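K.L.:
Numbering-wise, the numbering used here puts 74 at position 89 of the sequence shown, and it's gapless, one number per residue.
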Amino acid sequence: MVVETKEVYEAITKPFIDSIPAEKIDESERIIYEDANPRDGFILLPDFKWSNPANLESLYCLAIVHDRSLRSIRDLTASHVKLLQNIRFLGAHVFPLSADLLPPPRALLAWTFSGKAVLLEDVIYNLSVNSDHYKNATLSFVVGEMQHKTLFELFSEKRII
């Protein structure tokens, strides 16, 4: 379990995220929905965890924002509430929502619809009350030794894990 303070984020997590190129992805054949607005838009596509297209009940989706400056939950401020509400509006009709704290492989901010991590409703509320909530918050999360090996090693070296 990682307890990530603002200082730990600045010293370990942010440099790790910044080292991963923020690529533009070409998943056009897999896109379920797209809002092309560069500030408040996103694409919705099936997550790679969804292995059975015939079974919609097992569908995992991923919302990837177009704003490339958003690479972590800590980049979110009250100015992003509209974007988050857009994601919630679409997902509320289909999936329960949550946010991954760890960067996806391409290090673009992504929202997964899986019922784990930080609930989108909580993120919207926290930012509505305090625009800089995630810039200053202490966040706790699990970093898998195999799934996020490099980040796990960085946290281990600094005795965060």
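Built from N, CA and C at the ideal position, the CB exists for glycine as well.
None of the values given here were measured: they were computed from a predicted structure.
1. Would you check if the distance between the CB atom of Asp32 and the CB atom of Leu47 is smaller than 7 Å?
2. Nearest CA to the CA of Ile49: which residue from Tyr(-6), Ile109, Ile28 and Gln132?
3. Who are the Cβ neighbours of Tyr119 in its own chain at under 6 Å, not counting the five residues just before and after it?
4. Is Pro23 helix, strand or coil when you go by DSSP?
5. Would you kindly work out how many angstroms separate the C-alpha atoms of Thr(-10) and Leu139, rounded to a whole number?
6. Can you tell me whether Ser4 is buried or exposed? The criterion is at least 16 other CB atoms within 10 Å of its CB, across all chains shown.
P.N.:
In terms of the structure at hand:
1. Counting from 1 along the sequence shown, the entry for residue 32 is found at position 47. Counting from 1 along the sequence shown, the entry for residue 47 is found at position 62. It is a contact, given that the beta carbons lie within the stated cut-off.
2. Here residue 49 refers to the residue found at position 64 of the sequence shown. Among Tyr(-6), Ile109, Ile28 and Gln132, the Cα nearest to that of Ile49 is on Ile28.
3. To locate residue 119, count along the sequence shown from 1; it is residue 134. Around Tyr119: Ile58, Arg59 and Leu61.
4. Position 38 of the sequence shown holds residue 23. Note: Pro23 maps to coil in three-state DSSP.
5. Counted from its first residue, the sequence shown places residue -10 at position 5. Counted from its first residue, the sequence shown places residue 139 at position 154. Rounded to whole angstroms, Thr(-10) to Leu139 spans 15 Å at the Cα level.
6. Mapped onto the sequence shown, residue 4 falls at position 19. So Ser4 ends up on the exposed side.
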